[in-house]
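To keep things clear, I will list the structure first and then write my remarks on it.
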Amino acid sequence: MGTASSDGVPTSFGPLRVIVADDEHLVAMGIVNNLRDLGHDVVGVAPDGEVAVALARELLPALALVDLRMPKLSGTEVAMILYEELGIPSLIVSAYSDHEYISRIQSYGESSGVFGYLLKPVGADELRVSIGVAVHRSATDTHHTSRIEQLERNLANRRVVEQAKWKLVETHKITEPAAHEKLQKLARDRRKPLVEIAKQVMESNEPV
21 MGTASSDGVP TSFGPLRVIV ADDEHLVAMG IVNNLRDLGH DVVGVAPDGE VAVALARELL
81 PALALVDLRM PKLSGTEVAM ILYEELGIPS LIVSAYSDHE YISRIQSYGE SSGVFGYLLK
141 PVGADELRVS IGVAVHRSAT DTHHTSRIEQ LERNLANRRV VEQAKWKLVE THKITEPAAH
201 EKLQKLARDR RKPLVEIAKQ VMESNEPV
């Protein structure tokens, strides 16, 4: 049985790995600082939607906080990709109280990948409550793969990426950071998830 704080928010989860995506750097840093104050591990910050998706594919966070209106991909597009492809829930952050948008997202249900909506400026207490609710809702989403299975897949994917990286180190006689950058570049150039590139590296007998 999970525990809850005095305001009823679920608290039976530890520090989360989180990515933040916002094209306003100062806003992003404010959210990052609040997350760190709450004990969470911010593993990546993205200036636009495409970078947010790339970071999520590489770093496999437990949660994403994404701005509604970003260059290249909107927050809603990012949220759907992250949830459908990786099982990562998102909180949308916006400077606009867009009631039409909120109603539309609610009509999609949890398949949208959006598990909460925060208005800027985001306060630490509001963030804490929203994260608790998002974690609880995503964990009890019966229409999606169980969180445990998703985490197991994420760990397996990380192992494949590590193996591919060290194969490149040995094959090309390069450093570990250089091998990692090579994998990232291949993923960007081919517009494929990092783990898919890693699997191709492991299966190929030809130099990549």
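Here the sequence shown is numbered in the numbering used here, starting from 21 and rising by one per residue.
Backbone N, C-alpha and C define an ideal beta-carbon position, used for all residues, glycine too.
All values derive from a computational prediction rather than experimental measurement.
As the crow flies, the alpha-carbon of S158 is around 43 Å from that of K193.
Setting aside the 5 residues that flank it on each side, K92 is surrounded in the same chain by D68, G69 and E70, each with a C-beta closer than 7 Å to its C-beta; the list follows chain order. Annotated three-state conformation of V71 is helix, per DSSP.
Beta-bridge analysis with DSSP links V40 to V65 and L85. If you look at I217, you'll find it isn't in any beta strand (DSSP E); it sits in the alpha helix (DSSP H) that goes L214 to E223. Spatial neighbours of N177 in its own chain (CB-CB distance under 6 Å, excluding positions within 5 residues in sequence) are listed in chain order as V215. Going by C-alpha positions, N225 is about 22 Å away from R208. Buried is the label assigned to Y103, since at least 16 other Cβ atoms lie within 10 Å of its Cβ. Fewer than three beta-carbon pairs drawn from the stretch 48 to 64 and the stretch 97 to 111 are found closer than 8 Å, and the two stretches are therefore not classed as touching.
In the displayed model, S114 falls within a strand according to three-state DSSP. Counting only the Cα atoms, K187 lies some 20 Å from N174.
In the DSSP annotation of this structure, the continuous segment of the alpha helix (DSSP H) that includes L147 starts and ends at A144 to A159. Secondary structure of L139 (DSSP, three-state): strand. Relative to A74, the option among R148, S132 and L206 whose CA is nearest is L206. By the C-beta density criterion, T96 is buried, having at least 16 other C-beta atoms within 10 angstroms.
If you draw a straight line from the Cα of A199 to the Cα of G143, it comes to about 39 Å. Each residue's CA atom was taken as its position, placing D42 and A66 some 6 Å apart. Partner residues in the beta bridge of V134, as assigned by DSSP, are S110.
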